[in-house]
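> Sequential numbering from 347 applies to the sequence shown in the working numbering. Provided herewith is a single structure, encoded as structure tokens, for subsequent inquiry.
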Amino acid sequence: YVSGTLDCGLLYRKGGILQLHGNRNADWAGDAIDRRSTSGFMFHLKSVAILWSSKKQPAVALSSTESEYRAAAVATCEAIWLKRLLKDPQVTVSEAIDVHCDNLNNIQLGKNPIFHARTKHIRVHYHFAQERVLRGEVVVRHLRTDQQVADIFTKSLGLDKLRHFSEMLGLWPLDVPSLRGSEHKEECKRKGRRSKLPLLAETTA
């Protein structure tokens with residue numbers, strides 16, 4: 347699928363409302379060899395991805411809640427940093443940044459300042475995310491799993507979901523010279539091929 351998306355990229359247009367929001371997710375014990383989880387997040391500005399990450403967690407998580415909470419801490423740090431970065435070019439964003447998550451238990455844990463017995467094994471610095479939620483700097487909102495675009499950074503997906511999430515990232519065929527020449531580009535047009543994948547966004551954006 348990578349070779350089928352060499353003509354795709356992220357298209358940023360002028361104008362419109364600059365609304366910053368993000369998605370985060372974790373794939374608990376997804377690595378079959380060392381059972382470490384994978385954290386993934388992305389942030390949109392005007393419905394086009396501007397920042398994304400997929401990274402294996404540094405230690406084995408003992409529960410799905412722990413793996414999600416680690417992902418929450420990383421995504422929250424990036425949200426705060428991105429908001430401060432956008433202030434330099436005087437880009438105005440909302441006071442609280444919406445970060446979407448499909449894990450209800452993790453959302454409730456972030457809102458509740460009580461340190462539950464089932465989370466005592468989670469190291470204290472992961473509660474950075476909880477602190478920012480209580481301050482009102484980040485708002486964690488629930489969304490359906492089939493709309494969780496961060497899944498594209500944490501697990502293997504079927505073709506339909508891959509295309510759907512790629513479009514949600516803002517990845518589209520661009521009218522730019524093809525890396526494989528004009529003949530290939532014309533062939534793609536004739537076939538009406540529209541497969542997309544954000545892995546090439548850094549190259550073509």
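Note that beta-carbon positions come from the ideal geometry of N, C-alpha and C, so glycine has one too. Being a predicted model, the structure only gives us computed values, none of them experimental.
For THR384, which residues does DSSP report across the bridge?
For the purposes of this step, residue 384 is identified with residue 38 of the sequence shown, where counting begins at 1. The beta-bridge partner set that DSSP reports for THR384 consists of ASP373, LYS402.
> From ARG478 to CYS423, what distance separates their C-alpha atoms?
Taking the sequence shown and counting its residues from 1, the one referred to as residue 478 is at position 132. Taking the sequence shown and counting its residues from 1, the one referred to as residue 423 is at position 77. C-alpha separation (whole angstroms): 9 angstroms.
> With respect to the alpha helix (DSSP H) encompassing ILE379, which residues constitute its N-terminal and C-terminal limits?
Sequence index remark: in the sequence shown, residue 379 carries index 33 (1-based). Premise fails: ILE379 is in no alpha helix (DSSP H) and is neither H nor E.
> What do you reckon, are the CB atoms on LEU357 and GLY516 nearer than 8 angstroms?
Position 11 of the sequence shown, counted from the start, is the residue given in the question as residue 357. Position 170 of the sequence shown, counted from the start, is the residue given in the question as residue 516. Yes, they are a contact pair.
> Cα separation between ASP352 and ALA421?
As a working mapping, residue 352 is identified with position 6 in the sequence shown. As a working mapping, residue 421 is identified with position 75 in the sequence shown. Going by the sequence as given, residue 352 is Leu instead of Asp. Cα to Cα, the separation comes out at about 29 angstroms.
> Please classify LYS360: is it buried, with 16 or more other beta-carbons within 10 angstroms of its beta-carbon, or exposed?
Here residue 360 refers to the residue found at position 14 of the sequence shown. Exposed, because fewer than 16 other Cβ atoms sit within 10 Å of the Cβ of LYS360.
> Smallest Cα separation from ASP444: which of LEU408, SER410, GLU483?
Start at 1 with the first residue of the sequence shown, and residue 444 comes out as number 98. For ASP444, the nearest C-alpha among the options comes from GLU483.
> Does DSSP put ALA417 in a helix, a strand or coil?
The residue you call residue 417 lines up with position 71 of the sequence shown. Residue state, collapsed to three classes: helix.
> Nearest to SER383 by alpha carbon, out of LYS392, HIS446, LYS401?
Counting from 1 along the sequence shown, the entry for residue 383 is found at position 37. Ranking LYS392, HIS446, LYS401 by Cα distance to SER383 puts LYS401 first.
> When the Cα atoms are used, what is the spatial distance from ILE426 to GLN476?
Mapped onto the sequence shown, residue 426 falls at position 80. Mapped onto the sequence shown, residue 476 falls at position 130. In a straight line, the C-alpha of ILE426 is about 13 angstroms away from that of GLN476.
> Would you call GLU441 buried or exposed, if buried means 16 or more other Cβ atoms sit within 10 Å of its Cβ?
The count along the sequence shown starts at 1 and reaches residue 441 at position 95. A residue is called buried once 16 or more other Cβ atoms fall within 10 Å of its Cβ, and GLU441, having fewer, is exposed.
> VAL485 and ASN369: beta carbons closer than 8 angstroms?
Along the sequence shown, read from residue 1 onward, the residue named residue 485 stands at position 139. Along the sequence shown, read from residue 1 onward, the residue named residue 369 stands at position 23. No. Outside cutoff.
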